[in-house]
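Student:
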Amino acid sequence: MQLEQVWRNGMNRFLHRLGSLQVAYQMAGLCLPWFSTLCVLMMVYGVVGGLFLAPPDVEQGDAFRMIYIHVPSAFLSLMIYGVIFVNSVVYLVWHIKLADITAKCSASVGATYTIIALFSGALWGKPMWGTWWIWDARLTSELILLFLYMGYMGLRNAIREPKRAAKASAILAVIGMVDIPIIHFSVEWWATLHQGATLAKFSKPSIASEMLYPLLAMLGAFILFYVALLCVRVRVEILKRERKTQWVQAGFAAQGSGAA
Amino acid sequence: MLKAMQCVIERDLRLYFQHWGECLIPVLFLILVVSLFPMALGSEPKLLARIAPAVIWIAVVLSLLMSLESVFRQDYQEGSLAQIVLSPYPLSILLLGKLIAHWIMVGLPLLVLAPFLNILLQGSSEGLGVLGLTLIFGIPTLSLIGSIGAALTIGLPNGGSLLAVLVLPIMMPIVIFGTCALTAATEGVAFYSELYVLAALFILTLVLGPVALSNAVRASLA
Numbered sequence: 000m001q002l003e004q005v006w007r008n009g010m011n012r013f014l015h016r017l018g019s020l021q022v023a024y025q026m027a028g029l030c031l032p033w034f035s036t037l038c039v040l041m042m043v044y045g046v047v048g049g050l051f052l053a054p055p056d057v058e059q060g061d062a063f064r065m066i067y068i069h070v071p072s073a074f075l076s077l078m079i080y081g082v083i084f085v086n087s088v089v090y091l092v093w094h095i096k097l098a099d100i101t102a103k104c105s106a107s108v109g110a111t112y113t114i115i116a117l118f119s120g121a122l123w124g125k126p127m128w129g130t131w132w133i134w135d136a137r138l139t140s141e142l143i144l145l146f147l148y149m150g151y152m153g154l155r156n157a158i159r160e161p162k163r164a165a166k167a168s169a170i171l172a173v174i175g176m177v178d179i180p181i182i183h184f185s186v187e188w189w190a191t192l193h194q195g196a197t198l199a200k201f202s203k204p205s206i207a208s209e210m211l212y213p214l215l216a217m218l219g220a221f222i223l224f225y226v227a228l229l230c231v232r233v234r235v236e237i238l239k240r241e242r243k244t245q246w247v248q249a250g251f252a253a254q255g256s257g258a259a
Numbered sequence: 000m001l002k003a004m005q006c007v008i009e010r011d012l013r014l015y016f017q018h019w020g021e022c023l024i025p026v027l028f029l030i031l032v033v034s035l036f037p038m039a040l041g042s043e044p045k046l047l048a049r050i051a052p053a054v055i056w057i058a059v060v061l062s063l064l065m066s067l068e069s070v071f072r073q074d075y076q077e078g079s080l081a082q083i084v085l086s087p088y089p090l091s092i093l094l095l096g097k098l099i100a101h102w103i104m105v106g107l108p109l110l111v112l113a114p115f116l117n118i119l120l121q122g123s124s125e126g127l128g129v130l131g132l133t134l135i136f137g138i139p140t141l142s143l144i145g146s147i148g149a150a151l152t153i154g155l156p157n158g159g160s161l162l163a164v165l166v167l168p169i170m171m172p173i174v175i176f177g178t179c180a181l182t183a184a185t186e187g188v189a190f191y192s193e194l195y196v197l198a199a200l201f202i203l204t205l206v207l208g209p210v211a212l213s214n215a216v217r218a219s220l221a
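Each protein sequence line maps, in turn, to chains E and F.
Throughout the first sequence, residue numbering follows numbering that gives the first Met the number 0, covering 0 to 259 in sequence.
Throughout the second sequence, residue numbering follows numbering that gives the first Met the number 0, covering 0 to 221 in sequence.
So this is what it looks like as structure tokens:
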């Protein structure tokens, strides 16, 4: 019984501290160097291993190396929308400001990853399929995902009042998340109706380990890059929102006088 | 509770009847958009018949979007939307009443007009029934989704274009299933599965939509 009490108290205090933007600011600052160092290490291994050491593909030659950019960014584009969704739910239920800030700072990163995924896919598609773009189910879903990101960011930008912007965009994110499986399902349906099995259906053979490990490293590096970028952006956003509080002003004063 | 919804419906209907000219605008818009296509593409009957379902669906989506942009505007400006929010009845039910009134005055005319547009575009007469069926399920679903977007953008400058950006991606599955059913019907293939999916999406939005809608209105008025 007592142990549970202690655990619950400690947990409550931890959550409460996380709710404080000052603590979040400091924690993000502490984590940032670790994330960025790890990110650089993994990216160096991924780039060297993927672009130089891995053998060229039997069918695709060197063009397959686009996978090291394309797949991680496509993965991240979906993952970040998931992050935004979770943070939006947290914000709607518990009104934790940090969740709103995280969602806001994630959106443009996610949109950028979506654009990278689309562009790298087009660059790969040109030599492989002979065209920049086909209305394949996966491409179309990715494009609609980009539209969802744009709508989310547009709504946030259009509303001046921060609290309303937070709530409205959180509701939109939740609706979008509910819609994503439906969009995926409908687009798949549509694509199979309009075009038979074409070159879009690329049966992927199991991948060799010299190719796979750099890919996993790149995936890890992309995730870490996102997290590190998120740390920076969250810190900036916290400073913007809390610019009138004592701790921010004290920090700036200390920096201004050269003491920090 | 149903009584309260009935009151909202009656009030909105009365307001629509007072300004019945406004209800004609989406209808006119629909006719104009549809008649732009033959002018741009040429009047070859085969081509027109092929694109007829898609054109009608897209035009319906656009004119619904246009009319939904102002569905809350008047009430928001004069303060009666705040009164609805403050009333003791569940907000989602009252807002659903507003949407029912909107469907009667805007959705229903679009539905009635669609077969005539189909004739205008030389569409096949076999597809006519299916067109009606898809629109019966499609228009309320589209209105529910669109109204959520309208609620999120209440009172914002250039809310209209923002509404389209917010809501069109979410509407895409409905457009896909609606036009897929029509394409299947004109090709003489079974179209029931698409219709069932449309109906399922309609029920899903009918259940979840009002909840999201009431939250969106609350967020905008807070």
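The C-beta atom is built at its ideal place from N, Cα and C for all residues, glycine as well.
State whether the segment 139 to 151 of chain F contacts the segment 70 to 84 of chain F, with contact taken as three or more CB pairs (one from each stretch) at a distance under 8 angstroms.
Tutor: As far as the Cβ criterion goes, the segment 139 to 151 of chain F touches the segment 70 to 84 of chain F, which means the pair count is three or higher.
Student: Nearest to M152 (chain E) by CA position, among E:L77, E:A165, E:F51, E:E141, is which residue?
Tutor: Position 153 of the first sequence, counted from the start, is the residue given in the question as residue 152 (chain E). Nearest C-alpha to M152 (chain E): E:A165.
Student: Let me see if you follow: with CB-CB separation under 8 angstroms, is L165 (chain F) close to chain E or not?
Tutor: Here residue 165 (chain F) refers to the residue found at position 166 of the second sequence. It does; some Cβ of chain E falls within 8 angstroms.
Student: Once you ignore the five residues that flank F331 (chain E) on each side, which residues in its own chain have a CB closer than 7 angstroms to its CB?
Tutor: Since the first residue shown for chain E is 0 and the last is 259, residue 331 (chain E) is missing from the structure and cannot be characterised.
Student: Consult DSSP for A199 (chain E) and reduce its assignment to one of helix, strand or coil.
Tutor: Taking the first residue of the first sequence as position 1, residue 199 (chain E) is located at position 200. Caution applies to A199 (chain E), whose pLDDT of 42 falls short of 50 and renders its modelled position unreliable; the model cannot decide the point.
Student: Assess, as a yes-or-no matter, whether the segment 28 to 42 of chain F is touched by the segment 170 to 181 of chain F under the definition of 3 or more beta carbon pairs within less than 8 angstroms.
Tutor: They do not touch, by the three-pair rule.
Student: At what residue ranges does the segment 1 to 30 of chain F contain a whole run of the alpha helix (DSSP H), taking only runs of 4 or more?
Tutor: The segment 1 to 30 of chain F contains these whole alpha helix (DSSP H) runs: 1 to 17.
Student: Anything in chain F within Cβ reach of V186 (chain E), meaning under 9 angstroms, just list it in chain order.
Tutor: Here residue 186 (chain E) refers to the residue found at position 187 when the first sequence is read from its first residue. Chain F residues near V186 (chain E): M171, P172, I175.
Student: Identify the continuous alpha helix (DSSP H) that holds A184 (chain F) and give its terminal residues.
Tutor: Indexing the second sequence from 1 puts residue 184 (chain F) at position 185. Start and end: 158 to 185.
Student: From I237 (chain E) to N8 (chain E), what does the alpha carbon distance come to, in whole angstroms?
Tutor: Counting from one through the first sequence, the residue named residue 237 (chain E) turns up at place 238. Counting from one through the first sequence, the residue named residue 8 (chain E) turns up at place 9. Going from the Cα of I237 (chain E) to the Cα of N8 (chain E) covers about 27 angstroms.
Student: Relative to the alpha-carbon of L218 (chain E), which residue among E:M42, E:R234, E:A27, E:A53 has its alpha-carbon at the smallest distance?
Tutor: Numbered from its first residue, the first sequence carries residue 218 (chain E) at position 219. With distances taken between Cα atoms, L218 (chain E) lies closest to E:M42.
Student: With DSSP as the reference, identify every bridge partner of D61 (chain E), one or two as the case may be.
Tutor: Translated into the one-based positions of the first sequence, residue 61 (chain E) becomes position 62. Beta-bridge pairing links D61 (chain E) to no other residue.
Student: According to DSSP, D56 (chain E) sits in a beta bridge with which residue or residues?
Tutor: In the first sequence, counting from the first residue as 1, residue 56 (chain E) sits at position 57. Paired residues: E:G60.
Student: Measure the CB-CB distance between V247 (chain E) and A27 (chain E) and report whether it falls below 8 angstroms.
Tutor: As a first step, residue 247 (chain E) must be located in the first sequence, where it is residue number 248. As a first step, residue 27 (chain E) must be located in the first sequence, where it is residue number 28. Contact flag unset, no.
Student: What number of angstroms, rounded off, separates the C-alpha of I103 (chain F) from the C-alpha of A121 (chain E)?
Tutor: Residue mapping note: residue 103 (chain F) aligns to position 104 of the second sequence, counting from 1. Residue mapping note: residue 121 (chain E) aligns to position 122 of the first sequence, counting from 1. When rounded, the distance between both Cα atoms is 46 angstroms.
Student: Give the list of continuous alpha helix (DSSP H) stretches no shorter than 4 residues that lie fully inside the segment 57 to 137 of chain F.
Tutor: You should have 72 to 77, 79 to 85, 90 to 101, 107 to 119.
Student: What is the C-beta distance between S213 (chain F) and L94 (chain F), in whole angstroms, given that I count them as a contact (C-beta under 8 angstroms)?
Tutor: By 1-based counting over the second sequence, the position of residue 213 (chain F) is 214. By 1-based counting over the second sequence, the position of residue 94 (chain F) is 95. Right, their Cβ atoms sit about 6 angstroms apart.
Student: Would you verify that the beta carbon of G175 (chain E) is, or is not, closer than 8 angstroms to some beta carbon of chain F?
Tutor: For this step, residue 175 (chain E) is matched to residue 176 along the first sequence. Output row for G175 (chain E): interface = yes.
Student: Do we get a CB-CB distance below 8 angstroms when we pair L154 (chain E) with the residues of chain F?
Tutor: Looking up residue 154 (chain E) in the first sequence gives position 155. So yes, L154 (chain E) belongs to the interface.
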